[in-house]
Every structure is written in C-alpha cells, then in structure tokens.
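Numbering (the working numbering), first residue to last: 17 to 385.
Ideal Cβ placement from N, Cα and C applies to all residues, glycine included.
Bear in mind the structure is a predicted one, so any value in this text is a computation, not a measurement.
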Amino acid sequence: MNAPIKISVMICFFANTEYQKIKMKNNKLKEVEKRYRELGVEGDDVFTLIASEYIQFHKLDLSERLIGIIKKANEIKCNGSSQKIGSIAKRVVRYDKLGKELPILYQFFHSKRFRDNTGKFFTPRNVARSMADMLPLKNDAVIFDPTCGGGTFLLEASKKWKNSVCHLLANDIDNYLVTLTEIVLKIQIPKKHRLSLFNENIYSPEETIRLFQNKVDYILANPPFSLTVDNFSPESKLLRRGYRNSDALFIDLAKDLLKEGGKLVCLLPHSIISNKEYAELRKVVEEDWHINGVMVLPEGVFQETANTTTRADILILKKKGEGIFNSETVFCNISSVGQPLNSRDSLFEEDDLSRILKQDEVRKVLETN
Ligand SMILES: C[S@@+](CC[C@H](N)C(=O)[O-])C[C@H]1O[C@@H](n2cnc3c(N)ncnc32)[C@H](O)[C@@H]1O
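Encoded structure:
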C-alpha cells in the first residue's frame, strides 16, 4: 500500500526541483534586467553588452560581425560608470562560461522585436539534440541550417561529430541572429569543425548560398512556419503546383541544396502531414524523396521557448538519386520530449523522442547504426 505513495512523492519532488531551476533562470534574467535598467540600459543594448563580454572573455577570432558588436557595446551610454555595466556582464559570463543560455538571453532582451513576421520560434535543445542524432555520422559531412536562429541545431550536430571532421553552414535572414550563432558556435565547437556564416534570404538566395547547390550532406532545420513567399528563386515543382508558403518551398529548397542521398531532418507544421490541402504536396514529396521517418510531436513542444501551442512534426527525408535506396519508414507518435508541454505538465522529464532513437529497428531505418 505504501509503495505507490512513495513513488508519487518522489516524482513530485523531482519535478519541483526542475521547475525551481526554470524559475531560478527566469529570476536571474529579471535580476540582470533590473540592474541594467538602474543604469539606464535596456533591451537590445543589454544583449550587446553581454555578447561583447563573451567575445572578449573567450578571445574569439574576430570577424567583422564580432568587431561590430564590440564597437556597438563601447558606444552604449549609461547613467552610471562604464565599470559598473561591465561588471554585470562579467558576472553573467562567470555564471555561464560556455554561453549555453545565450539564445535564452537573446530572446529575453529582444522580446519586443523578436516576434516580427519571420517566425522566430527557437527549438528546444532536447528536440534539436534528438534531430541531430537522426543523422548518420560520416566524416567530412557538410551540415547546413539555412534558418539557424541561435545556432542550436549546429551546436548539437558539432557535439555528435566531436571526433570527426565536418563543415557547418549557418544562415539566417536576421544578421543579429547570425552573430549570435557565430558567438555560440565559436565558443563551443572544436577547431577541426569548419564554420561558414551567411546572412541571406533563403527563399531567394544570393550567389554564396547557391555555391552549395547539390553539395550539402545534411540539412537540419526549423524554418519559419506558414509565411507567404513572393519571390522564390530555385526551380520549384511545389511552386508550380500552387504552393507558395514557406513550408512547402523549404522542402524544394532543401532538394536544391542536398546531394543525392543527402538528408533533410526538419520541423514542419503538423498541417503538412494531416491536412487535405497538402495531399498534392505529399505526392510530390514521395516522387522526389525517400521518406525515412515522420515523427508526430505532442502539442506544446514550443511552449517553453516560444509560449505557443503551434503543432509541429519532424520529417526525415532522403533525396532520391541513382543507386539511392530506402528500406522502410519510421512513423511514430511521440508523447514527450523531456520538457514541459504546458504549465501543469509534471511528467516532462520523460523523453519518448530520444528513447525511440535508441531502438535498433529505428537506427537501422535511419542508418544511424
Ligand atoms: C523557427 S525559427 C528557428 C531558429 C533555429 N533554427 C532554431 O530551431 O532554434 C526560424 C528562423 O528563420 C529565420 N528566417 C525567417 N525567414 C527567413 C528567410 N527568408 N531566410 C533565412 N532565414 C529566415 C528567422 O530569423 C528565425 O531565426
């Protein structure tokens, strides 16, 4: 009779400590905000000061983008002494030396302009880690995130490739996010991982990104959901069939960039899998790709990072080509991803997604053995 009670008490205790951690993180952010506000510094400027401190603390290789951040930070005016503003940033860096929380800081201090119309939902780290785990490890892989946000996918890919060589390509339409990705990756990736950064509109890319046509091994991404695209430049079968939205066109864009046999692992709105209006799209996808997997995610995956209940699924597609075969497809309904799906979720420690990826049959289909 006593055993079940003990178990439930243990679960509650565990969940509470995790909630406390999240609460502590938020309190820390509010504390930093308050201290800066007392000195007359707010929003974007706070992030610039902290980013500049990270660049200098880690003595990162200085690109024009990073020099720009240091310069901007030096120009920020405050009510108190510049020594005081410097000391707050130093404390933030001391608390999180590797800048693991930098994307969260960015979101917190840029919140006003964060929700413009470019679909900026950051992917929770657990989900990004599992998606990187869906890629077969191969030496010298070219791995691209065309809408990189805070660089989470590429960081997780770099961790997976830790003993192998790879070339990481990062692009975002928002230059500030490219800078964030540059800082996050330059702090944490090993020297043998090459990094190239771009700031282009992926739906009508310039010459630099076009150079990678048919050269990319893997695309890992969470593109902006359901935006109407006016000028799409790569040749697109889906556009010809009447699909003008960012989700559909992203699939054709990935096909343009990947080598034959290359893989796209990406989050797309659930409607792509479920709605009648996408029946034709699904037919075209089957013509051009081997479908390695469809993982239907639970509602609330973006609750923590973006406070939205937008539903998304993971698609794992392999570009067709000569001598490229597919065996089976993994279809699964995922019930948990290792983080709260809503404010009452007390079982969020469970991570169905990463557990499924450990199964031998799944690894065989995804070629991650
Ligand atoms: C849903 S967020 C995902 C960010 C990041 N990959 C992640 O998963 O955390 C989408 C990202 O796409 C970027 N984006 C939106 N439109 C774009 C475009 N036309 N070209 C390139 N990036 C774009 C946004 O700035 C945003 O960072």
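- Query: What's the C-alpha gap between Y294 and K154?
  - Reply: Residue numbering aside, residue 294 sits at position 278 when the sequence shown is read from its first letter. Residue numbering aside, residue 154 sits at position 138 when the sequence shown is read from its first letter. Cα-Cα distance, rounded: 33 Å.
- Message: Tell me which residues share the same chain as T384 and place their Cβ nearer than 6 Å to its Cβ, disregarding the 5 neighbours each side in the sequence.
- Response: As a working note, residue 384 is residue 368 in the sequence shown. So the list reads P152, once near-sequence residues are dropped.
- Query: Excluding the five sequence neighbours on either side, which residues of its own chain have a C-beta within less than 6 Å of the C-beta of F228, listed in chain order?
  - Reply: Walking along the sequence shown from the start, residue 228 turns up at place 212. Counting only Cβ-Cβ distances below 6 Å, and skipping sequence neighbours, we find L273.
- Query: Since L201 sits in a beta bridge, which residues does DSSP pair it with?
  - Reply: Looking up residue 201 in the sequence shown gives position 185. Answer by DSSP bridge pairing: none, since L201 is not bridged.
- Message: As a quick exercise: from Q123, I101, E251, pick the residue whose alpha carbon is nearest that of E69.
- Response: Mapped onto the sequence shown, residue 69 falls at position 53. Closest by alpha carbon: I101.
- Message: So, for K380: in the same chain, excluding its five sequence neighbours on each side, which residues have a beta-carbon less than 7 Å away from its beta-carbon?
- Response: On the sequence shown, residue 380 is found 364 positions in, with the first residue counted as 1. Answer for K380: no residue qualifies.
- Message: Under DSSP, the alpha helix (DSSP H) around M311 begins and ends at which residues?
- Response: The residue labelled residue 311 in the question sits at position 295 within the sequence shown. M311 -> not in any alpha helix (DSSP H); beta strand (DSSP E) instead, spanning 305 to 312.
- If we ignore side chains and look at the alpha-carbon of each, how far apart do N247 and R110 end up? What you label residue 247 is simply residue 231 of the sequence shown in a count that begins at 1. What you label residue 110 is simply residue 94 of the sequence shown in a count that begins at 1. Cα to Cα, the separation comes out at about 45 Å.
- Message: Output needed for K88: all residues of its chain with C-beta closer than 7 Å, excluding positions within five of it in sequence on either side, in chain order.
- Response: Sequence index remark: in the sequence shown, residue 88 carries index 72 (1-based). Taken in chain order, the residues that qualify are T64.
- Message: Quick check on N349: does DSSP put it in helix, strand or coil?
- Response: The sequence position of residue 349 within the sequence shown is 333, counting from 1. Looking at N349 - three-state DSSP - the assignment turns out to be strand.
- Closest Cα partner of M147 within the set D161, I120, S343, F169: Indexing the sequence shown from 1 puts residue 147 at position 131. The option with the nearest alpha carbon to M147 is F169.
- Query: With 16 other CB atoms within 10 Å as the buried threshold, where does E276 fall?
  - Reply: Counting from 1 along the sequence shown, the entry for residue 276 is found at position 260. Exposed.
- Task: Could you please give the first and the last residue of the uninterrupted beta strand (DSSP E) stretch that includes Y70?
- Result: Looking up residue 70 in the sequence shown gives position 54. Run containing Y70: none in the beta strand (DSSP E); it sits in the alpha helix (DSSP H), 60 to 73.
- Give the secondary structure of Y259 by DSSP, where H, G and I count as helix, E and B as strand, and everything else as coil. For the purposes of this step, residue 259 is taken as residue 243 along the sequence shown, with counting starting at 1. Three-state DSSP puts Y259 in coil, outside helix and strand.
- Task: Please specify which runs of the alpha helix (DSSP H), each continuous and at least 4 residues long, are wholly inside the stretch 155 to 226, giving them in chain order.
- Result: 168 to 176, 191 to 204, 223 to 226
- Query: Looking only at its own chain, which residues have a Cβ that is under 6 Å from the Cβ of E117, when we skip the five neighbours before and after it?
  - Reply: Taking the sequence shown and counting its residues from 1, the one referred to as residue 117 is at position 101. Once the five neighbours on either side are set aside, E117 has no close Cβ partner at all.
- Got a sec: does ligand 1 put a non-hydrogen atom nearer than 8 Å to the Cβ of T244? Position 228 of the sequence shown holds residue 244. No, Cβ of T244 sits at least 8 Å from all heavy atoms of ligand 1.
- Item | Inter-residue spacing [alpha-carbon to alpha-carbon] between S180 and P240 | Here residue 180 refers to the residue found at position 164 of the sequence shown. Here residue 240 refers to the residue found at position 224 of the sequence shown. Cα to Cα, the separation comes out at about 30 Å.
- Item | Whole-number beta carbon distance between P119 and L211, since they are thought to touch under 8 Å | Here residue 211 is taken as the residue at index 195 of the sequence shown, counted from 1. Here residue 119 is taken as the residue at index 103 of the sequence shown, counted from 1. That belief does not hold up - the Cβ atoms of L211 and P119 are roughly 17 Å apart, past 8 Å.
- Message: Quick check on G277: does DSSP put it in helix, strand or coil?
- Response: Within the sequence shown, numbered from 1, the residue matching residue 277 stands at position 261. G277 falls in the strand class under three-state DSSP.
- Task: For D188, verify whether its CB is less than 8 Å away from any heavy atom of ligand 1.
- Result: On the sequence shown, residue 188 is found 172 positions in, with the first residue counted as 1. Yes - ligand 1 has a heavy atom lying nearer than 8 Å to the Cβ of D188.
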